[in-house]
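Have a look at the structure below before the remarks.
Next up, the structure:
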């Protein structure tokens, strides 16, 4: 956590005793972090070296890392990207029509949206969509992959980069750090 906020990092290398990652906020030498990586318990770690936004951290104790690379979790469910809980107004273009929606959560691979119940009939699985996240008018192309009630999921055409995902999260200060994160993508909190 930097400045009392959670942040995300891209893990470049992981071992049983530590990891190397690129952070979205500058880590500080000696800083204590809590890092959540998919398939692992919350990891307490200390920053041992810093090179710009890259840093190496040592875990407080060794951990088995096999679950990080598994395609399914311990319950047999398909492992998926972390979801960052967000509550933000967005615009959505489906079949040439613009709709107001609320972003419920977002990950590198997709998002969950909520619309007024009266609009649900306009959305169905497989439709192409363009999600516009403000501020800044960031446009993300996607397809609707499911719908339940007045909520539906989008699968992005291409995964969001670390920078793009960070931009969305930073523009929504009420976002919450996810659990569980995916292979290679982690969240950090520090004290």
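Numbering (the working numbering), first residue to last: 77 to 267. In this text, a Cβ means the ideal position worked out from N, Cα and C, and glycines have one as well.
- Local conformation of residue 184 per DSSP, three classes: Three-state result, residue 184: coil.
- Message: For a quick check, are the C-beta atoms of residue 109 and residue 133 less than 8 angstroms apart?
- Response: For residue 109 and residue 133, yes; Cβs fall inside 8 angstroms.
- Query: Smallest Cα separation from residue 83: which of 112, 91 and 106?
  - Reply: Among 112, 91 and 106, the Cα nearest to that of residue 83 is on 112.
- Query: Just checking my contact of residue 131 with residue 123 at CB under 8 angstroms: how many whole Å lie between their CB atoms?
  - Reply: Beta-carbon to beta-carbon, residue 131 and residue 123 are separated by about 5 angstroms, close enough to satisfy the 8 angstroms threshold.
- Quick one: measure Cβ to Cβ for residue 23 and residue 88, integer angstroms, because I've assumed they're closer than 8 angstroms. Beyond the ends of the chain as shown, which are 77 and 267, falls residue 23; an answer cannot be given.
- From 217, 126, 118 and 136, pick the residue whose C-alpha is nearest to that of residue 94; which is it? Selected option, being the one with the closest Cα: 136.
- Cβ distance (whole Å) where residue 165 is taken to contact residue 178 below 8 angstroms: With 8 angstroms as the limit, residue 165 and residue 178 qualify as a contact, their Cβ atoms being about 6 angstroms apart.
- Item | Residue interval of the beta strand (DSSP E) (run including residue 83) | In the DSSP assignment, residue 83 falls within the beta strand (DSSP E) that extends over 83-90.
- Query: Nearest CA to the CA of residue 191: which residue from 213, 209 and 167?
  - Reply: Nearest option by C-alpha distance: 167.
- Delimiting residues of the beta strand (DSSP E) encompassing residue 242: In the DSSP assignment, residue 242 falls outside any beta strand (DSSP E) and lies within the alpha helix (DSSP H) extending over 238-246.
- Query: What first and last residue would you give for the beta strand (DSSP E) that runs through residue 110?
  - Reply: In this chain, the beta strand (DSSP E) harbouring residue 110 covers 108-113.
- Count the CB pairs spanning the region 181-190 and the region 144-155 that are closer than 8 angstroms, and state whether there are at least three. Output reads no: the region 144-155 does not touch the region 181-190.
- For residue 183, does the count of other Cβ atoms within 10 angstroms reach 16, so buried, or fall short, so exposed? Label assigned to residue 183: buried.
- Query: residue 238: which of 229, 185, 248 and 219 sits nearest, CA to CA?
  - Reply: Ranking the options by Cα distance to residue 238, first place goes to 185.
- By Cβ distance, which residues of its chain are closer than 6 angstroms to residue 223, with the 5 residues on each side in sequence left out? Cβ contact annotation for residue 223 (same chain, cutoff 6 angstroms, sequence separation greater than five): 199, in chain order.
- Message: For residue 117, report the span of its beta strand (DSSP E) as first-last.
- Response: Taken as a continuous stretch (DSSP letters only), residue 117 belongs to no beta strand (DSSP E), as it is neither H nor E.
- Cα separation between residue 235 and residue 106? Going from the Cα of residue 235 to the Cα of residue 106 covers about 32 angstroms.
- Message: Here's the rule I'm using: 16 or more other beta-carbon atoms within 10 Å means buried, otherwise exposed. How should residue 118 be labelled?
- Response: Exposed.
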